[in-house]
Amino acid sequence: MLGMARPTQNCAGALSMLQSQKTHLKSICLQYPLYRLLNSHGFCPLKNGMGLIIFFLCAYVPKTEAGHCKWAEVLKDLERIKTSKDIDVSLYTANADEDEECQELVMRCFFLETEVIIQECRIKNCSKTQDVWNIWKNGNATFDKNKLTSTKSAKCKECEEYEEKGFTEFVQNFVKVIQRDCKH
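Laid out in structure tokens, this is it:
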């Protein structure tokens, strides 16, 4: 049997100590509830060593966000730049409702067009240059991690085949395409 010592400090005291000393784990607050749990009759499997190991492995596995989109940072930056008045440029703009098998190529087109916005911002010294740069950087980093998986279909257009539209409409379509990609 594995015995546990009763913690000498209550959870509130441990938490205030943790807030001042960031090197300690916040899991100290779990000690007393775990002690109570292990001594209850409903959790007999946790009273042996193997049960404890499994319990702690499950409790300390990092949480993954099922709803997290790989484009979350790009969306934040797009929200920041969408109202920019100092970006006045025409850009090849894919439709938000392009065929599903063209989705990756459409995304690449949007990120390629951000290079045009970066050049425009450098010339005009835009207030949102850093946000545009972040969009481009985060997009390319994501594509580098996930090499091109789709092949060019006859349905899919080249970037230059899309209609040129103003900056505001470009950003709106870009956001819609990213949101669509995040839902899958």
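Using my numbering, the letters of the sequence shown correspond one by one to residues 23 to 206.
Backbone N, C-alpha and C define an ideal beta-carbon position, used for all residues, glycine too.
Point to revise | C-alpha gap between GLU101 and ASN195, whole angstroms | key: 12 Å
Check your understanding: Along the chain, where does the alpha helix (DSSP H) that runs through VAL193 open and close?
Key -> 189-205
Check your understanding: CYS181 and CYS131 look like a contact to me (Cβ under 8 Å); what is the Cβ gap, rounded to whole Å?
Key -> 4 Å
Exercise for review: Check the C-beta distance from SER106 over to LYS146 and give it rounded, since I have them as a contact under 8 Å.
Suggested key: Not a contact, Cβ separation roughly 11 Å.
**Study point:** Nearest neighbour of LYS187, chosen from ILE103, ASP110, TRP93 and VAL96 [CA to CA]
**Key:** ASP110
Review point. Would you say VAL199 and VAL128 are within 8 Å of each other, going by their C-beta atoms?
Key: yes
Check your understanding: Going by other Cβ atoms of all chains shown within 10 Å of its Cβ, with 16 needed for buried, is ALA163 buried or exposed?
Key -> exposed
Practice item. Could you tell me which residues DSSP puts in a beta bridge with LEU113? Key: LYS187
Exercise for review: Given a cut-off of 8 Å, decide if TRP158 and THR190 are closer than it, judged by their beta-carbon atoms.
Suggested key: no
Point to revise | Neighbourhood of ASP121 by C-beta distance below 8 Å, restricted to the same chain and skipping five residues each side | key: SER175, LYS177 and CYS178
Point to revise | Residues near ASP203 in its chain [Cβ-Cβ closer than 8 Å; skip 5 each side] | key: CYS91, TRP93, GLN125 and MET129
Practice item. Work out the CA separation of GLY161 and ILE139 for me, nearest whole Å. Key: 14 Å
Check your understanding: Given TYR114, which residues of its chain have a CB within under 7 Å of its CB, disregarding the five upstream and five downstream residues?
Key -> CYS131, GLU135, CYS181, GLU182, TYR184 and GLU186
Review point. VAL96 to PHE192, Cα distance in whole Å?
Key: 14 Å
Check your understanding: SER112 to LYS98, Cα distance in whole Å?
Key -> 22 Å
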